[in-house]
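Participant: Supplied in structure tokens, the structure appears directly below.
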Amino acid sequence: MSKVLNVGVVGCGYWGPNLIRNFRSLPDCRMRTICDASEARLRHLKTLYPEVEAETKFENLLNDTTLDAIVIATPVRHHFPMAKSSLLAGKHTFIEKPLAASVAQCEELVDLAKKQGLILMVGHTFLYSPAVRKMKEIVDKGDIGEIRYISARRLNLGLFQKDINVAWDLAPHDISIILHIMNETPLRVNCQGTAHVTPGIEDVTSMSLSFTREKSAIIQSSWLDPKKIREMTIVGSERMIVYDDVAPQEKIKIFDVRVERPPHYDTFAEFHYAYHYGDMYSPYIKQDEPLKTECQHFLDCIRSGNTPITDGRRGLEIVRILEASSQSLKLHGAPIELPSAAKSSAGSSSSRSPVTDSSGSRSPLAVGAIKPIGDSANKAG
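Per the UniProt record's numbering, the sequence shown starts with residue 1, numbered consecutively.
This is the structure we're talking about:
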């Protein structure tokens with residue numbers, strides 16, 4: 001029988017209770033301690049889980065030698081200091097997305113986890129969704145042909161954040177799915193947005209990612225829409241996939257439609273696009289809770305030493321894109337080139353957040369981490 005792992009969760013606000021519930025439900029896990037600055041939240045959770053210990057001081061989790069792992073579900077500004085302390089205390093560490101507030105912070109956490117021989121995992125929950133796993137299977141089999149572009153919309157009314165903009169809050173979900181489906185990282189990032197409610201914190205953004213072979217992805221994020229939308233379209237050369245995460249059933253629909261251009265023609269008058277309209281079908285998807293699968297995967301990786309699907313390096317890739325989007329926003333949508341991981345690692349020197357610092361003002365970006373492309377970026381600034 002596998003050893004029962006003792007887990008502590010810090011942050012019992014919006015998402016923390018979901019993590020507590022799922023870890024507690026796993027037979028090979030003991031949900032030992034919950035931690036939050038709010039005693040009222042802790043009292044409420046104690047009524048649901050009376051056997052769980054409650055703490056208001058994070059240091060007590062770090063000093064608890066019986067804890068095998070710490071799960072961090074706090075605001076982004078706390079991710080880096082808490083995760084660093086957790087790793088230094090010898091705890092396997094799970095962090096809700098995004099991994100940290102800058103590329104430099106992510107790189108430090110990744111290096112520290114490797115040095116300590118500990119599992120560092122990021123909560124990109126959608127990669128554990130049966131629907132996303134099915135889409136990945138369909139794409140990898142070549143059933144839709146070559147990907148041409150992906151478009152994603154993640155819209156709702158709130159929840160407004162105070163330390164990150166809507167791109168940092170909502171886009172990580174779509175970015176993680178897109179990188180997983182594309183199986184590559186983008187070459188450049190463009191991002192435009194507007195702050196309607198809180199000055200300096202964009203609540204509506206549109207991000208564009210450019211990949212090799214003219215592939216692209218567009219991500220629209222908003223806290224200002226009346227209707228909750230979680231939709232992604234993958235356009236292939238042979239077929240197209242529409243993924244609607246809000247739909248109670250048939251979350252994935254595959255459309256046998258495409259556009260073809262004639263291979264040979266002598267005059268422009270002979271040129272005609274061919275539109276193919278075929279059937280639509282929805283594959284069967286087993287309904288499992290992605291968060292429960294993700295929590296189990298974290299425990300399994302602790303026991304086996306295997307690298308998580310959403311490890312620290314995957315989290316770093318996504319923060320690199322988010323950091324580039326922040327610079328593009330400052331430059332009114334100018335394209336920002338993404339360097340290779342090795343080049344970026346050598347160039348990053350700042351651990352300050354690209355979004356806001358403790359005073360609420362914009363912080364400088366990591367030196368050398370990302371750069372504008374061409375003269376248009378300088379003019380845009």
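Each residue gets a CB set at the ideal place from its N, CA and C atoms; glycine is no exception.
These numbers were taken from a predicted model, which means no experiment stands behind them.
1) For the stretch 183 to 199 and the stretch 238 to 254, state whether three or more C-beta atom pairs, one from each stretch, are separated by less than 8 Å.
2) So, under 8 Å CB-CB, Thr33 and Glu51 are touching, yes? Tell me the CB distance rounded to an integer number of Å.
3) Looking at C-alpha atoms only, which residue of Cys35, Thr93, Ala334 is the closest neighbour of Asn190?
4) Distance check for Ser25 and Tyr14, CA to CA, integer angstroms please.
5) If you draw a straight line from the alpha carbon of Lys61 to that of Arg303, how long is it in whole angstroms?
6) Can you tell me whether DSSP reads Pro17 as helix, strand or coil?
7) Would you mind sorting Thr47 into buried or exposed? The rule is 16 or more other CB atoms within 10 Å of its CB.
8) May I ask you to report which of helix, strand or coil DSSP gives Thr33?
9) As a quick exercise: from Lys115, Ile318, Arg133, Lys136, pick the residue whose alpha carbon is nearest that of His92.
10) Ignore the nearest five residues each way along the sequence and tell me which others in Ala152's own chain have a CB closer than 6 Å to its CB.
11) If you run the structure through DSSP and keep just helix, strand and coil, what is Asn22?
12) Should Arg213 go down as buried or exposed, given a rule of 16 or more other Cβ atoms within 10 Å for buried?
13) Apart from the five residues just before and just after Asp68, which ones in its own chain have a Cβ nearer than 8 Å to its Cβ?
14) Please classify Ser237 as buried or exposed, where buried requires at least 16 other C-beta atoms within 10 Å of its C-beta.
15) Who are the Cβ neighbours of Ser325 in its own chain at under 6 Å, not counting the five residues just before and after it?
16) So what does Lys253 bridge to, in DSSP terms?
17) Grouping DSSP H, G and I as helix and E and B as strand, with all else coil, what is Thr93?
18) Per the contact definition of three or more C-beta pairs closer than 8 Å, is the stretch 317 to 324 in contact with the stretch 86 to 105?
19) Under the rule that 16 or more other beta-carbon atoms within 10 Å means buried, what is His124, buried or exposed?
20) Here's a check: name, in chain order, each residue in its chain whose Cβ is nearer than 6 Å to the Cβ of Asn22, leaving out the five neighbours to either side.
21) Whole angstroms is fine: what's the gap from Ser216's alpha carbon to Ile147's?
22) When you compare each of Leu209, Asp225, Val9, Asp64 to Ile72 by their alpha carbons, which one comes out closest?
23) Does the beta-carbon distance from residue 410 to Lys286 come in below 8 Å?
24) Under 7 Å Cβ to Cβ from Lys253, same chain only, skipping five residues before and after it: list those, please.
25) Hey, Asp203 and Phe255: beta-carbon distance below 8 Å or not?
26) Grab the span of the beta strand (DSSP E) containing Val319 for me, first residue to last.
27) Give me the Cα-Cα distance between His180 and Asn165, rounded to the nearest whole angstrom.
28) So for residue 464, helix, strand or coil by DSSP?
29) I'd like to confirm the pairing. Which residues does DSSP put opposite Ala152 in its beta bridges?
Facilitator: Once the coordinates are examined:
1) no
2) Rounded, the Cβ-Cβ distance is 11 Å, inconsistent with contact.
3) Among Cys35, Thr93, Ala334, the Cα nearest to that of Asn190 belongs to Ala334.
4) 19 Å
5) At residue 61 the sequence reads Leu, which differs from the Lys that was named. In a straight line, the C-alpha of Leu61 is about 21 Å away from that of Arg303.
6) DSSP places Pro17 in helix when its eight states are reduced to three.
7) exposed
8) strand
9) Of the candidates Lys115, Ile318, Arg133, Lys136, Lys115 places its Cα closest to the Cα of His92.
10) Asp174, Ile219, Met232
11) helix
12) exposed
13) Leu5, Asn6, Val7, Lys91, His92, Ile302
14) exposed
15) Here Ser325 has Ala167, Val189, Cys191, Met207 as same chain residues with Cβ atoms under 6 Å from its own Cβ, once five neighbours each way along the sequence are excluded.
16) Val242
17) strand
18) yes
19) buried
20) Leu291, Lys292, Cys295
21) 9 Å
22) When the alpha-carbon of Ile72 is set against those of Leu209, Asp225, Val9, Asp64, the nearest one is in Val9.
23) Here the chain has residues from 1 to 381 only, and residue 410 is not among them.
24) Same-chain partners within the cutoff: Val242, Met280, Ser282.
25) No, the Cβ-Cβ distance between Asp203 and Phe255 is not below 8 Å.
26) Val319 -> not in any beta strand (DSSP E); alpha helix (DSSP H) instead, spanning 312 to 330.
27) 23 Å
28) Absent from the structure is residue 464, since the part of the chain shown begins at 1 and ends at 381.
29) Ile219, Met232
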